[in-house]
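Undergrad: Have a look at this one before I ask anything.
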Amino acid sequence: MSSSDLHINIQDLLALEGITEGTEFFKHQRVAGLLSGRHASMLRGRGLDFSEVRKYVMGDDIRNIDWKVTARTRETHTKVFSEEKERPQMVILDQSLAMLFGSSHQLKANIAIQMMAIHGFRALKMGDRFGGIIYNDEHTLMFRPSRSKKLFQALLEESLRLNHALIDQKIKRNTKNDKINEALFQMLQIATHDYIINVITDATLLDEIGIERLGTLAQRNNVIVTHIYDPLDEKLPKQRMPLTDTNVQIDWEVSKEKQRAFEEDYKTVYQAIEKRLFNYRIPLIEFDTITPIRTQVKELLNDQYRK
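With the working numbering, the residue at position 10 of the sequence shown is 16, and numbering never jumps.
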């Protein structure tokens, strides 16, 4: 398979606009209705604006009773609040060499960029500002939150530029693996409070510094980690398997002992990160490289309605 076969383009991303039509893909009240992972936790809701006063109805919150109007009219009235119409949403998108992997039809990097597009389309439809920080091994680019569709398309196009540079192997590996921590540091300067922040990466790349910065962000914002993984991350195949990059193909086979050790190592790392994120009340959701993105989103939404 050539590198050009792996490329996605702007039309591919624009075609995802209707994927969550008619749904609350990014609800603000509960993770189970937002992007639920294995653990549900409460999210900060949007701020509330006073809307109107109406007669009290059984079941209304007595804390919202308007005692002045009640005294004047001699009928119990309650205040009605509406959610604020806007809340900034941002993503951190990983397009590093660590995301240049996929054992079937999709690379981790491609799934990640599609998830960013879906999040952005939904945020703009909700009337929220949307922006992002995208990075590879060499560069970090920042787009401040905006309601502008033109700026959103610019964000998509720059993300694709980094994506194609990755696939065409035009970048050098950053052996420090610290770009995600740089992106999280930048996000700390931007997201002061009440942002929705979606970090789209292979979660096993997170180190102690990154997790601590996520925890700091989560103190005043709603943070989600979208874990992009390939089935081979979790479990190696039992049979001989051809591996290829864009130039060379080899047959690869490992012993049962190495398979078990590999699987245990991955499980240990993943569960440790999952536990740390849970302690910070940060939901962790999973998307794989095998299942079509539309199918995975549909399954996620079905889970939402069952909860």
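The C-beta atom is built at its ideal place from N, Cα and C for all residues, glycine as well. What you are looking at is a predicted structure, and each value in this text was computed from that prediction instead of being measured.
#1: Can you tell me whether DSSP reads Leu99 as helix, strand or coil?
#2: Less than 9 Å between the C-beta atoms of Ala123 and Leu157, yes or no?
#3: Return helix, strand or coil for Ser109, following the three-state DSSP convention.
#4: In terms of DSSP beta bridges, what is His233 paired with?
#5: Thinking just about the alpha-carbon of each residue, which of Val229, Asp67 and Gln95 is nearest to the one in Val86?
#6: By the three-class DSSP mapping on this structure, what secondary structure does Met132 have?
#7: Grab the span of the alpha helix (DSSP H) containing Arg282 for me, first residue to last.
#8: Apply the 10 Å Cβ neighbour rule to Asp208 and answer buried if 16 or more other Cβ atoms are within range, or exposed otherwise.
#9: Measuring CB atoms only, is the region 187-201 touching the region 211-225, in the sense that at least three cross pairs come out at less than 8 Å?
#10: Mapping the DSSP letters down to three states, classify Glu58 as helix, strand or coil.
#11: Using a Cβ-Cβ cutoff of less than 8 Å, which residues in the same chain neighbour Met1 once the five nearest sequence positions on both sides are dropped?
#12: Would you check if there are 3 or more beta carbon pairs closer than 8 Å linking the region 141-161 to the region 91-101?
#13: In the DSSP assignment, find the alpha helix (DSSP H) that holds Leu157 and state where it starts and stops.
#14: Pull up the distance between the alpha-carbon of Arg60 and that of Phe293, whole angstroms please.
#15: For Arg224 and Thr274, what's the separation of their Cα atoms in angstroms?
#16: Quick one: is Thr301 buried, meaning 16 or more other Cβ sit within 10 Å of its Cβ, or exposed?
#17: Quick check: what's the CA-CA separation for Arg282 versus Arg128?
#18: Have a look at Asp72, Arg179 and Ile139 and flag the residue whose alpha-carbon is nearest the alpha-carbon of Ser165.
#19: Keeping to the same chain, check which residues put their C-beta closer than 6 Å to that of Arg219; ignore five residues upstream and five downstream.
#20: Arg135: buried (16+ other C-beta within 10 angstroms of its C-beta) or exposed?
#21: Under the three-state reduction of DSSP, which class applies to Arg78: helix, strand or coil?
#22: Helix, strand or coil for Leu307, going by three-state DSSP, please let me know.
#23: Check each candidate in Glu58, Ala21 and His13 and name the one with the smallest Cα separation from Thr84.
#24: From the DSSP output, read off the bridge partner residues of His83.
#25: Looking at chain B, is there any beta carbon in it that lies within less than 9 Å of the beta carbon of Asn169?
#26: If I follow the unbroken beta strand (DSSP E) through Leu147, where does it start and stop?
#27: From this set, Asp239, Asp200, Arg179 and Leu168, which residue's C-alpha is nearest Leu103's C-alpha?
#28: Quick check: Gln101 and Leu168, are their CB atoms within less than 9 Å of each other?
#29: What residues match up with Ile140 in a beta bridge as DSSP calls it?
#30: Tell me the rounded alpha-carbon separation between Pro237 and Ile71.
TA: The structure says:
#1: strand
#2: no
#3: coil
#4: Thr207 and Glu292
#5: Asp67
#6: coil
#7: Lys262 to Asn285
#8: buried
#9: yes
#10: strand
#11: As displayed, the chain neither begins before 7 nor continues past 313, which places residue 1 out of reach and without an answer.
#12: yes
#13: Lys155 to Ile173
#14: 45 Å
#15: The amino acid at residue 224 is misidentified as Arg; the sequence shows Ala. Going by the C-alpha atoms only, they are around 24 Å apart.
#16: exposed
#17: 28 Å
#18: Ile139
#19: Leu190
#20: buried
#21: helix
#22: helix
#23: Glu58
#24: Lys61
#25: Among the chains of the structure shown, chain B does not appear; only one protein chain is present.
#26: Thr146 to Ser152
#27: Arg179
#28: yes
#29: Leu99 and Leu147
#30: 54 Å
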